[in-house]
Ligand code: ASP
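Numbering (the numbering used here), first residue to last: 1 to 430.
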């Protein structure tokens, strides 16, 4: 759970016993209980007299999704402001870093969309579309996206859940606050400090509220799985299995892309990169948090891979805040998967919007467990996909989050290796 990785949560009193059961175990228990209840309630042939009970089972998942949607915009806003105000980014290397981050994230999303378009996991089983689902088809005008990027009012993107506008606002204010901070430091002033503190506290506050929501995920999983099994049997899970396989394949392809870039763009041997980085990958996998893995990543890049401290710091400490390729890949694939599942075709133009919003959503996804699930609501909204289907993805997120976090960390390490250049440490310094 997020609070385990949070460094600032004071441990004042012992947590209740159920909070001491790891979240993954809680979800697994919920899954087993849900399947049993779903079978008892009909496994695809529900008794009409149980209809109200079965429908009400979805209420926790609906509430959790609503809360995630509501938290997505403040999370992105404060995460971007916080990163821009507190990290140290040198000029030229910063520009190189930005280009590398953008290229890697775009490749990740294209890999994800390619795999999802070829394997079409959403067609491997069918899900009865809920009658309450509102399917909106949106025609896409690329210039419209550009024109729409500037909001009519500063707080409007927060209300509309518009991720592109939100990032424009967050980046504008973040860049200005950052500049003001350095000007004040140069003049020996400290006026920026209260603002930086407030942003830090707000960030922590959003993450803590998010913790409460995440604590309810096992209940949401129980309800949605029990309802799905009761109403539709196991057919939807066939496609969910296909989705897991597709995501794993896409993440593997992305890992191959990183190794190829490392081989041709840096002095590091890909095998050394893999073996040296294994501690960081494992930490990322076991904590589902690239922030928790950050110190390990920084350390192994220097001691086991042999990079210069400056390149390790830029990729693993600075880039990591903006760079979430695994998350971007996952968000794009999820949108396509759900569109296939409910038979709502996403045109090429709409997939372009998915690419753009996934890039922005992944930039804003804080490096904590389940953050990708939160910002995914914005990607869905941008192409008119019904967000209630994210509930289905909640059931597998505990596992896929671990895998995409490991790829997020591998992406940061790749950026560090590329920034380190083609000459190893010793040759350069000789
Ligand atoms: N857990 C991921 C990370 O920490 C973010 C996500 O949920 O995709 O990098």
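Where a beta carbon is used, it is the ideal one built from N, C-alpha and C, also for glycine.
Values in this document were obtained by computation on a predicted structure and should not be read as measured data.
Exercise for review: Run through the region 167-233 for me and flag every whole alpha helix (DSSP H) of 4 or more residues, listed as ranges in chain order.
Suggested key: Considered as a whole, the region 167-233 harbours 192-215, 217-232 as its complete alpha helix (DSSP H) runs of no fewer than 4 residues, in chain order.
Check your understanding: Taking DSSP as the reference, what is the three-state secondary structure of residue 89?
Key -> If DSSP states are grouped into helix, strand and coil, residue 89 belongs with coil.
Review point. If you count every other CB in all the chains shown that lies within 10 Å of the CB of residue 343, and 16 or more means buried, which is it?
Key: Exposure of residue 343 is indicated by the presence of fewer than 16 other C-beta atoms within 10 angstroms of its C-beta.
Review point. Thinking just about the alpha-carbon of each residue, which of 69, 337, 267, 279 is nearest to the one in residue 159?
Key: Checked all of 69, 337, 267, 279; the closest Cα to residue 159 is 69.
Point to revise | Where residue 298 falls, given that 16 or more other Cβ within 10 Å makes a residue buried | key: That one is buried.
Practice item. Would you kindly report the start and end of the unbroken alpha helix (DSSP H) that includes residue 402? Key: 390-420 is the span of the alpha helix (DSSP H), which, as asked, contains residue 402.
Review point. Taking the continuous alpha helix (DSSP H) assigned at residue 304, which residues delimit it?
Key: The continuous stretches of alpha helix (DSSP H) do not include residue 304, and DSSP gives it neither H nor E.
Point to revise | residue 388 and residue 65 closer than 8 Å at C-beta | key: For residue 388 and residue 65, yes; Cβs fall inside 8 Å.
**Study point:** Residues of its chain near residue 306, where Cβ-Cβ distance is below 7 Å and the 5 sequence neighbours each way are ignored
**Key:** Correct list, in chain order: 424, 425.
Practice item. With hydrogens ignored, establish whether the beta-carbon of residue 182 is closer than 7 Å to any heavy atom of the ligand ASP. Key: No, the Cβ of residue 182 stays beyond 7 Å of every heavy atom of the ligand ASP.
**Study point:** Where residue 120 sits in the DSSP three-state scheme
**Key:** For residue 120, the three-state secondary structure derived from DSSP is coil.
Point to revise | residue 315 CB to nearest heavy atom of the ligand ASP below 7 Å | key: For the ligand ASP, not one heavy atom lies less than 7 Å from the Cβ of residue 315.
Exercise for review: Report all residues from its chain with a CB closer than 7 Å to the CB of residue 270; omit the five preceding and five following residues, and keep chain order.
Suggested key: Around residue 270: 259, 262, 263.
Point to revise | Contact belief for residue 326 with residue 407 at Cβ below 8 Å, rounded distance in angstroms | key: Correct: roughly 3 Å between the Cβ atoms.
Check your understanding: So which of 224, 166, 83 has the shortest CA-CA distance to residue 55?
Key -> For the set 224, 166, 83, the Cα lying nearest the Cα of residue 55 is the one of 224.
Check your understanding: Where are the alpha helix (DSSP H) runs, 4 residues long or more, that stay fully inside the region 262-305, in chain order?
Key -> Considered as a whole, the region 262-305 harbours 270-276, 278-287, 290-303 as its complete alpha helix (DSSP H) runs of no fewer than 4 residues, in chain order.
Point to revise | C-alpha distance - residue 254 paired with residue 241, whole-angstrom precision | key: Computed Cα separation, rounded: 20 Å.
Check your understanding: Are the region 276-291 and the region 377-393 touching by the rule of at least three beta carbon pairs closer than 8 Å?
Key -> The region 276-291 vs the region 377-393: no contact.
Review point. Is it right to say residue 22 is buried, meaning 16 or more other beta carbons lie within 10 angstroms of its own, or is it exposed?
Key: When all chains shown are included, residue 22 counts as exposed.
Exercise for review: Taking residue 164 and residue 322 to be in contact with their CB atoms under 8 Å, please state how far apart those CB atoms are, rounded to whole angstroms.
Suggested key: Contact between residue 164 and residue 322 does not hold, since the beta-carbon distance rounds to 16 Å and is not under 8 Å.
Review point. How would you call residue 48, buried or exposed, if buried means at least 16 neighbouring beta carbons within 10 angstroms?
Key: Exposed, because fewer than 16 other Cβ atoms sit within 10 Å of the Cβ of residue 48.
**Study point:** C-alpha distance - residue 155 paired with residue 372, whole-angstrom precision
**Key:** Residue 155 and residue 372: Cα-Cα distance of roughly 23 Å.
Point to revise | Enclosing alpha helix (DSSP H) for residue 55 [first to last residue] | key: 51-56 is the span of the alpha helix (DSSP H), which, as asked, contains residue 55.
**Study point:** residue 291 beta carbon near the ligand ASP (any heavy atom closer than 7 Å)
**Key:** At a threshold of 7 Å, residue 291 counts as near the ligand ASP, since its beta carbon sits closer than that to one of the ligand's heavy atoms.
Review point. Is any heavy atom of the ligand ASP found at a distance shorter than 7 Å from the C-beta of residue 372?
Key: True, at least one ligand heavy atom lies under 7 Å from that Cβ.
Review point. What is the rounded straight-line gap between the Cα of residue 193 and the Cα of residue 181?
Key: If you draw a straight line from the Cα of residue 193 to the Cα of residue 181, it is about 8 Å long.
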